Each structure stands twice: as C-alpha cells, then as structure tokens.
Amino acid sequence: MIGSRVTTLAASLCALGVLVAGCGSGAPAPEPSSLAAVNPRPEGAADLAPVPNIAPDADCDDEATLRPLAMPPPGAMAPGTPMARIVDQGRLRVGVDQNTYLFGFRDPTTGRLEGFDIDLAREIARAIFGDPGKVELVSVTAAERVRALATDKVDLVVRTFSATCERRRQVDFSTVYYRSGQSILAPKDSGITGAAQLAGKRVCVANGTTAAGPVFAAVERPTVLGVTNWTDCLVALQQNHVDAISGDDPILFGLAQQDRNLRIVGESIGTDAYAVGIRKGEDELVRFVNGVLERIRDDGTWQRLYNARLSALGPSAGLPPPRYVG
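Going by the UniProt record's numbering, the first residue of the sequence shown is number 1, and it counts up by one from there.
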C-alpha cells in the first residue's frame with residue numbers, strides 16, 4: 001500500500017517535472033521569446049505638418065479687450081445678461097486643465113483640482129455668487145477649448161489660453177492675466193542647449209496650443225510630435241519618442257519638477273499671453289471678467305495667488321496692464 005503511494009507520488013512529481021524540465025527526458029528548454037518590447041507612443045500622438053505662414057492681420061490687436069463697467073454686487077446680476085443666466089443655472093462652468101502643474105492639476109493626495117487658473121476661476125465665481133465654491137470645473141484639452149465655448153459646454157475657459165488674432169475669430173478674450181515666454185525642455189545630458197540644436201531632432205508639443213509655430217519657424221525644422229496633454233509630452237520624452245519638448249516656460253517648469261533629469265535650455269523662442277476665453281458676442285461677460293481682474297489687481301489678490309501658486313517661477317512682474325478698446 002505504501003509502495004503504491006510512493007509510486008503514485010513519484011509519477012506525479014515526474015509529470016510535474018515534464019512541465020518544468022522534461023523529467024529527465026532530455027527535452028530541450030524552450031527558446032526565449034523573440035518578440036520585441038512594446039513601446040507605443042502616447043494615445044493620439046501624431047507627427048504635425050508645418051504651420052502655414054499666415055500674414056498678420058494689421059487690424060487685429062490680439063490683447064485688446066473691452067473696458068469693465070461698474071461691478072454689480074454678487075448675486076445681483078442685471079436681467080438678461082450672461083451673468084444672470086449663470087446665476088440661474090446655479091454655478092459657473094469653467095473649462096480648465098488637470099494635467100498642467102502650477103496652473104491646473106489634480107492633487108494626488110486630495111483628488112482636488114488645484115493651481116493658479118483654478119484659483120482664478122473661483123475668484124470669478126465669487127464675484128458672481130459671493131461664493132467661490134459655486135464653480136463646476138470641466139476638464140478640457142487644449143484642442144477642445146474653443147469648441148467647449150462654442151457648444152455651450154462651459155461659460156468660460158481658464159486654461160493657459162493664449163489670446164491670438166486667429167482665435168479671436170471664434171471666441172472673445174478678457175484682458176491678459178499672465179504673460180509667458182516659450183522655451184525648450186531637454187534631458188541634461190542631451191547636448192541640446194537651445195533652438196540651434198533642434199535640427200534633425202524630434203520635438204513634442206500639445207495639440208491645440210501655439211507652441212508648434214515657433215518650433216517650425218526654426219531655420220532647420222525638427223520633426224514635431226503633437227499630443228493631447230503636456231504630460232503626454234513628458235511620457236514621450238521619457239520613452240525616447242522625442243528628444244525635447246517646447247512650450248510655455250511655466251508649463252516646462254512644471255514638467256521639470258516631475259523629472260529632475262530635465263532642464264529648460266536656451267533663450268526664449270516665443271511669447272504667450274494668457275487670458276480668459278469667453279463665448280463670442282457675450283460682451284457683458286467680457287466686461288464683467290475684466291472687472292474681476294481689475295479688482296484682484298487692486299486689492300492684492302492676484303499677487304497673493306501668484307505667491308501661493310507660482311512663486312517657484314521667480315519674482316512676479318504683476319498683472320499685465322490691460323489694453324482696453326471700448
């Protein structure tokens with residue numbers, strides 16, 4: 001009885017051994033896999049075509065905006081205005097980012113959206129309702145900003161949204177609330193020290209931004225990869241799909257904070273002026289938002305928000321002066 005059990009156990013161990021090493025049968029070990037490691041680009045990434053040269057519109061001032069009027073008390077918006085409609089809907093809907101450190105990002109410890117743009121959206125809600133919490137933060141990509149306004153998905157866009165003459169054909173803008181340069185972010189050991197070293201390289205930008213223009217304007221154009229979000233550029237660089245990233249200085253600073261092997265290099269290759277995006281034709285709302293920006297300039301709120309969110313970028317030059325036209 002015991003012998004049969006030993007025989008059975010031995011047979012079982014041999015059967016298991018066949019799976020592992022042939023149980024002494026001399027069967028060769030399986031060949032190692034010849035499949036290459038998969039390293040896909042970020043979803044939606046694609047090479048971009050050069051930006052066509054468009055003659056500047058001599059009649060367009062990309063930073064011009066409407067002068068604010070007397071500000072009504074919170075909750076007492078004039079009937080028939082966009083602000084009254086917002087009061088009736090019970091919250092201010094604002095298109096924001098959740099992937100750009102410093103300006104609009106999701107805090108991993110709290111799950112809350114934080115950043116300079118988020119704080120600015122809350123200040124506009126405070127002016128309408130008297131309560132900065134009455135805001136619905138709607139995450140939109142850079143490429144979705146104009147459409148989000150045109151389709152009434154949001155009331156405003158506060159998302160590192162640069163005021164340009166091309167965009168003014170579709171949306172209106174507040175006065176500029178932050179001015180930025182555009183630079184290059186590259187690995188410290190890459191040998192890239194500025195735009196001159198981008199010839200023959202691969203550079204990442206976010207789709208729907210103005211970043212591709214200055215990159216394509218280089219004497220020898222690099223290959224430009226467009227992605228959905230700036231964090232996709234960081235992944236593309238870390239996985240060697242690109243050699244560098246080009247974007248606004250605070251955006252690049254935020255990416256460098258997430259990977260200390262990267263640094264901002266060279267001189268500025270462009271400038272951007274962030275403003276609040278507003279649906280075309282809503283002049284009362286443009287004037288109202290400009291009134292909010294005037295208030296936070298005068299009472300020190302803008303500087304307080306800068307100190308809390310953007311002080312790592314260095315001393316502030318203050319809220320840029322407005323260019324009112326009517």
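All C-beta atoms in this analysis are idealised placements derived from N, C-alpha and C, irrespective of residue type, glycine included.
All values derive from a computational prediction rather than experimental measurement.
Exposure of residue i, with buried meaning 16 or more beta-carbon neighbours within 10 Å
i       : result
Gln-182 : buried
Asp-299 : exposed
Thr-228 : buried
Ser-246 : buried
Gln-258 : exposed
Lys-188 : exposed
Ser-311 : exposed
Gly-80  : exposed
Cys-60  : exposed
Val-325 : exposed
Pro-315 : exposed
Asp-248 : buried
Asp-232 : buried
Pro-214 : buried
Asn-261 : exposed
Asn-307 : exposed
Gly-226 : buried
Pro-40  : exposed
Asp-272 : buried
Arg-112 : exposed
Thr-175 : buried
Asp-131 : exposed
Arg-169 : exposed
Gln-239 : exposed
Ala-125 : buried
Ala-58  : exposed
Ile-296 : buried
Bridge partners - residue i, DSSP secondary structure assignment
i       : result
Leu-66  : Answer is none; Leu-66 lacks a bridge partner.
Arg-309 : Paired residue(s): none; Arg-309 is not in a bridge.
Thr-100 : Gly-104
Ala-46  : Gly-226
Arg-323 : Ala-64
Ser-162 : Tyr-274
Leu-198 : None; Leu-198 has no bridge partner.
Val-157 : Gly-95, Gly-277
Start and end residues, alpha helix (DSSP H) containing residue i
i           : result
Asp-298     : 283-298
Asn-39      : Per DSSP, Asn-39 belongs to no alpha helix (DSSP H) and is neither H nor E.
Cys-165     : 165-168
Leu-149     : 145-150
Asp-88      : 82-89
residue 388 : Beyond the ends of the chain as shown, which are 1 and 326, falls residue 388; an answer cannot be given.
Range covered by the beta strand (DSSP E) that runs through residue i
i       : result
Glu-136 : 135-139
Thr-175 : 171-187
Phe-105 : 104-106
Leu-92  : 92-96
Presumed contact (8 Å Cβ cut-off) between residue i and residue j, rounded CB distance
i       : j       : result
Arg-93  : Glu-136 : 5 Å
Val-96  : Gly-104 : 5 Å
Pro-322 : Thr-109 : 37 Å between Cβ atoms; not a contact.
Val-224 : Asp-47  : 7 Å
Pro-198 : Ile-264 : Checking the sequence, you will find Leu at residue 198 rather than Pro. Between Ile-264 and Leu-198 the Cβ distance is about 14 Å, and since that is not below 8 Å, they are no contact.
Ala-127 : Met-71  : 7 Å
Gly-254 : Pro-68  : About 31 Å; that fails the 8 Å criterion.
Phe-116 : Leu-319 : The Cβ separation is near 12 Å, so there is no contact.
Asp-243 : Ile-278 : With a Cβ gap of about 38 Å, Asp-243 and Ile-278 do not count as contacting.
Gly-141 : Ile-251 : One detail in the question is off: residue 141 reads as Thr in this sequence, not Gly. Going by Cβ atoms, the distance from Thr-141 to Ile-251 rounds to 14 Å, so no, they are not a contact pair.
Gly-266 : Gly-200 : Not confirmed; about 16 Å, so no contact.
Ala-206 : Trp-230 : 5 Å
Leu-293 : Tyr-177 : 6 Å
Leu-285 : Met-83  : 6 Å
Ala-121 : Val-158 : 5 Å
Tyr-274 : Thr-151 : Contact doesn't hold; Cβ gap of about 22 Å is too wide.
Any non-hydrogen atom of the ligand GTP closer than 7 Å to residue i Cβ
i      : result
Gly-75 : The ligand content of the structure shown is nil, which means the ligand GTP is not present either.
- List in chain order: all unbroken beta strand (DSSP E) runs of 3+ residues lying wholly within the region 202-282. 202-206, 223-227, 244-248, 262-279
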